[in-house]
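In my numbering, the protein residues as written are 954 to 1282.
For every residue, glycine included, the Cβ atom is placed at its ideal position computed from N, Cα and C.
Take a look at the structure below.
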Amino acid sequence: MVKSRGYDLIGDVHGCARTLEQLLCKLGYSRRNGCYRHPQRRAVFLGDIVDRGNFIRESLHLVREMVDAGVAQIVIGNHEYNAIAYCTEARPDSGRDFLRAHNERHERQIRESLAQFENHSSEWQAFLKWFRKMPLFLEFDTFRVIHACWDKNLISELKRRQILDFSDDEMLHRSAEYGGFEWQVADRLLRGTYLPLPNSEVMTSEDGYRRRVYRTQFWSTTPEIHNDVVFQPDPLPEHIGSLPLSVSDRKQLLHYSKEEPPLFIGHYWRQGIPESIRPNIACLDYSAVKQGKLVAYRMDSESRIDRKKFVWVDVDPDDIQPAVQIEGG
954 MVKSRGYDLI GDVHGCARTL EQLLCKLGYS RRNGCYRHPQ RRAVFLGDIV DRGNFIRESL
1014 HLVREMVDAG VAQIVIGNHE YNAIAYCTEA RPDSGRDFLR AHNERHERQI RESLAQFENH
1074 SSEWQAFLKW FRKMPLFLEF DTFRVIHACW DKNLISELKR RQILDFSDDE MLHRSAEYGG
1134 FEWQVADRLL RGTYLPLPNS EVMTSEDGYR RRVYRTQFWS TTPEIHNDVV FQPDPLPEHI
1194 GSLPLSVSDR KQLLHYSKEE PPLFIGHYWR QGIPESIRPN IACLDYSAVK QGKLVAYRMD
1254 SESRIDRKKF VWVDVDPDDI QPAVQIEGG
């Protein structure tokens, strides 16, 4: 195992293996002894290696080789969790066939992954078992990593129960039961916070999906209107964004304090030039599979995020052509 003198945190790959190799090379990694390695640093992947891109199988092998060799770590993303749930049969008394319904929307999200493993079913089963062992979050001496949202109450309870991942069958099956603690863990830590649209309205996102909720920030201190907390590529309709937040809305919002350690997340499909959201929060998902960037942050011992330490490459066209349909995050 490499004795790390720094960490390179890498955002959502989504099957963009060629782009990932380019990013690793730019960061000073080279392929030696069976995997990509850096002489001094360690990679940390923020989840969502699967789905959408043209080289999902290759991406998974590349990342797992690094993790197994001790030169990388990873947290689970919502797409790895979705894959587990989609492929896991529910218990007979649950009223469902699988933990994740096999409906049109869910099939669209996992379609490329299943297709690319069609002739490698034993590999896919092995990767599903690996997904279940991916930690929900990581805490280092000076920073934290989670796929979508740091909820300190849920994480404190996970620590108390000594739950690190979905390897326990009871934890996994209960995570599919709406409203319970295990469901909240999967929903909030891997998908983030959200609010219902006011007045039961529905908005159609850029990808054509009709939404009754929108993704929210979990760090706003004094929000007044809905536009103050929205955090997604699709803006709220003007008449909705300008409405004041209700008492009920405010109770659902979280706040990651500026005094807490730097936090790195993926998940949210950002665009433009990579930079921090707040001095201690950075999202590293810059829509690689949507003709965007694959982004890393070179973390050392700093207490505040430095915009000069973001590193990125534009997506390799081979990873995404022909264009894939984008569905949610």
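Item: Check serine 1012 in the structure and name its three-state DSSP category.; Value: helix
Item: Quick one: is the Cβ of isoleucine 1099 within less than 7 Å of any heavy atom of the ligand HEM?; Value: This structure does not include the ligand HEM; it has no bound ligands of any sort.
Item: Rounded to whole angstroms, what's the CA-CA distance from isoleucine 1029 to phenylalanine 1090? Just pull it up for me.; Value: 8 Å
Item: Output the distance between the C-alpha atoms of proline 1045 and leucine 1081, rounded to the nearest integer angstrom.; Value: 21 Å
Item: Which class does tyrosine 1162 belong to by DSSP, given the choice of helix, strand or coil?; Value: coil
Item: Buried or exposed: cysteine 1102, going by 16 or more other Cβ atoms within 10 Å of its Cβ?; Value: buried
Item: Looking only at DSSP bridge pairs, what is phenylalanine 950 linked to?; Value: Nothing about residue 950 can be read from this structure; the chain reaches only from 954 to 1282.
Item: Could you tell me which of Tyr1162, Arg1203, Gly1245 and Val1016 sits nearest to aspartate 1181, measuring between CA atoms?; Value: Arg1203
Item: From the DSSP output, in three-state form, read off cysteine 969 for me.; Value: coil
Item: Is it buried or exposed for arginine 1223, if we count other Cβ within 10 angstroms and need 16 for buried?; Value: buried
Item: Between aspartate 1269 and the rest of its own chain, which residues show a CB-CB distance below 8 Å, the 5 nearest in sequence each way excluded?; Value: Cys969, Arg971, Thr972 and Gln975
Item: Taking 8 Å as the cut-off, does the stretch 1150–1158 touch the stretch 1047–1054 (at least 3 CB pairs, one atom from each stretch)?; Value: no
Item: Since cysteine 978 contacts methionine 1019 with CB under 8 Å, what's their CB separation in whole angstroms?; Value: The pair is not a contact, with the Cβ atoms about 14 Å apart (cut-off 8 Å).
Item: For arginine 995, does the three-state DSSP call read helix, strand or coil?; Value: strand
Item: Beta carbon of alanine 1241, beta carbon of histidine 967: below 8 Å?; Value: yes
Item: Check the C-beta distance from isoleucine 1258 over to proline 1232 and give it rounded, since I have them as a contact under 8 Å.; Value: 6 Å
Item: Beta-carbon within less than 7 Å of alanine 1036's beta-carbon, same chain only, minus the 5 sequence neighbours each way: which residues are those?; Value: Val1003, Ile1063, Ser1066, Leu1081 and Phe1084
Item: In three-state DSSP terms, what is valine 1268?; Value: coil
Item: For arginine 1097, tell me which candidate among Arg1260, Ala1054, Asp1271 and Ser1256 has the shortest Cα-Cα distance.; Value: Ser1256
Item: Buried or exposed: glutamate 1135, going by 16 or more other Cβ atoms within 10 Å of its Cβ?; Value: buried
Item: By Cβ distance below 7 Å, which residues in the same chain neighbour cysteine 1040 in space, the five residues on each side in sequence not counted?; Value: Leu1081
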